[in-house]
Amino acid sequence: MKIELNQISIRALTEGYINDEEEGVYGYNGKLSIRPIYQREFIYNDKQRNAVINTVSKGFPLNTIYWVKNEDNTYEVLDGQQRTISICEYVDGQYSIDGMYFHNLQDDQQEQILEYQLMVYFCQGTDSQKLDWFRTINISGEKLEEQELRNAVYSGSWLTDAKSDFSKTGCRASQIGSKYLNGSAIRQKHLETAIKWISKNNIEEYMAKQQNKPQAVELWNYFSSVIDWTQAIFPKYRKEMKGIDWGYLYDDFKDETLDPVKLEEEVRSLMIDDEVQRKKGIYEYVLKRDEKLLSLRAFTDQQKREMYERQNGLCNIRKKPYPIEDMEADHIDPWSEGGKTTIENGQMIHKKENRRKSNK
280 MKIELNQISI RALTEGYIND EEEGVYGYNG KLSIRPIYQR EFIYNDKQRN AVINTVSKGF
340 PLNTIYWVKN EDNTYEVLDG QQRTISICEY VDGQYSIDGM YFHNLQDDQQ EQILEYQLMV
400 YFCQGTDSQK LDWFRTINIS GEKLEEQELR NAVYSGSWLT DAKSDFSKTG CRASQIGSKY
460 LNGSAIRQKH LETAIKWISK NNIEEYMAKQ QNKPQAVELW NYFSSVIDWT QAIFPKYRKE
520 MKGIDWGYLY DDFKDETLDP VKLEEEVRSL MIDDEVQRKK GIYEYVLKRD EKLLSLRAFT
580 DQQKREMYER QNGLCNIRKK PYPIEDMEAD HIDPWSEGGK TTIENGQMIH KKENRRKSNK
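The opening residue of the sequence shown carries number 280 in the numbering used here; numbering runs sequentially from there.
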């Protein structure tokens, strides 16, 4: 990886600045792509944005900015997009600070800003080297998410199309699925989730194979099918449905005949069951039948001690005495048969006996 430090004036940076929804964000007389397709949208708040301009106005140093230098002598902002856009938009007259736009400043104040020298590293190397360097420098400010880092490597026509569906405020993915997804679309969480589902968590491998394809139709069709299936099988929405890996459940159960009415009855019953500690796990449980998903209520240390003393320290199966450290609490009638986590339905048994019961 070749890295070279340069000084770039704000005058040079902002020359030919353009921020177009279709064409992108460019500066440096059209040679610098300020927001490449793998980058996130502008997320600085007013306080952060104004702090950048105040720092420049006072002549204080800003953190170093990093550009990727391409073979055709064009550049892409690798790190420092938020600071760069803050500067360009102020000089372009898009916002004011304390009621003062750039054009309201005195000539000497404007000149001081325009002559300010930014410290910019030019970086050249392979895609993998860029990603490694990106991760290395991503240690301060607004940290990038893993998917934002992946986008830096696998940029291309496929990613551009995918981001139009998954990565914009109010995008199609948000419109139909935001209540089922964690995170923000503009921070690439919706895109990451969709790729994770379709690739069975082999995100980078999938993106590498798709990189130069013209469209991301396969990804959108899959995602919309997952959401349609989820809404059909579980038509009553609850907040616990947010963040579940619905894509994996869709893959495993989409071809099975399921009764939404019966599933809803069971979900409702489990939601009001005080033995079930992890309500989010209910949706997976009614399909997979794995009780571990529910985090069923466990006996407290006080209950264990009381049961141990009532049994005079004897294992309730072996009928032999053991230290309490060698014993575990067990339900006499299991939860699946209506058993509750009470002393009346509990017993202390040797650890090996409990393992034997669990393996049956």
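Ideal Cβ positions, reconstructed from N, Cα and C, are used throughout, including at glycine.
Keep in mind it's a predicted model, so treat the numbers as computed, not measured.
- In this structure the segment 387-402 touches the segment 283-290; the number of beta carbon pairs closer than 8 Å is three or more.
- Following the DSSP letters along the chain, one finds C402 inside the beta strand (DSSP E) bounded by residues Q396 to Q403.
- Proximity to H629 across I465, Y587 and V540 peaks at Y587, based on C-alpha coordinates.
- Across the set N349, L498, I523 and Y345, the C-alpha of I523 shows the shortest separation from the C-alpha of N461.
- Between F381 and Y395, the C-beta gap is not smaller than 8 Å, which leaves the two residues out of contact.
- Distance check between Q581 and each of R557, K598 and Q626 places Q626 closest, using alpha-carbon atoms only.
- DSSP places E355 in the strand class (E or B) of the three-state scheme.
- Measuring C-alpha to C-alpha distances from T472 to each of Y562, K636, F502 and P493 identifies F502 as the nearest.
- Within the segment 508-574, the alpha helix (DSSP H) runs of at least 4 residues that lie entirely inside it are, in chain order, 525-532, 539-550 and 561-567.
- A Cβ-Cβ contact shorter than 8 Å links A291 with Y307.
- Each residue's CA atom was taken as its position, placing I332 and Y527 some 47 Å apart.
- Only buried fits T363, as 16 or more other CB atoms lie within 10 angstroms of its CB.
- The C-alpha of L572 lies about 9 Å from the C-alpha of Y562.
- If you look at M486, you'll find it in the alpha helix (DSSP H) that goes I482 to Q489.
- Rounded to the nearest whole angstrom, the C-alpha separation of Q467 and Q590 is 57 Å.
- With a cut-off of 8 Å on Cβ pairs, the segment 482-500 is in contact with the segment 433-448, counting three or more such pairs.
- A straight line joining the alpha-carbon of Q388 with that of D440 spans about 43 Å.
- Ranking G617, I289, K631 and A495 by CA distance to the CA of S548 puts G617 first.
- Boundaries of the beta strand (DSSP E) around N285: K281 to S288.
- If the five residues before and after Y485 are omitted, its C-beta is found closer than 8 Å to the C-beta atoms of I474, I477 and S478, all from its own chain and listed in chain order.
- Spanning the alpha carbons of F513 and Y323 requires a straight line of approximately 38 Å.
- Within the DSSP secondary-structure output, S312 pairs in a beta bridge with Y305 and E355.
- The alpha-carbon separation between T405 and N349 amounts to approximately 10 Å.
- Setting aside the 5 residues that flank it on each side, K558 is surrounded in the same chain by E519 and M550, each with a C-beta closer than 7 Å to its C-beta; the list follows chain order.
- In terms of Cα proximity to S446, the closest of K533, K458 and Q426 is Q426.
- Within the DSSP secondary-structure output, E607 pairs in a beta bridge with I628.
- In the three-state reduction of the DSSP assignment, D612 falls in the coil class.
- In its chain, beyond the 5 residues on either side, L549, E570, L572 and L573 have a beta carbon closer than 8 Å to the beta carbon of Y564.
- Comparing alpha carbon positions, the residue from E632, A330, E294 and N430 closest to K598 is E632.
- Residue pairing by DSSP places V347 opposite E355 and C402 in a beta bridge.
- Across the set W346, V356, D371 and E604, the C-alpha of D371 shows the shortest separation from the C-alpha of E294.
- Proximity to I376 across D351, D358 and Q327 peaks at Q327, based on C-alpha coordinates.
- DSSP places N298 inside the beta strand (DSSP E), whose first and last residues are I297 to D299.
- Under the three-state reduction of DSSP output, L438 falls in the helix class.
- Within the same chain, and ignoring the five residues on either side of F339 in sequence, no residue has its Cβ closer than 7 Å to its Cβ.
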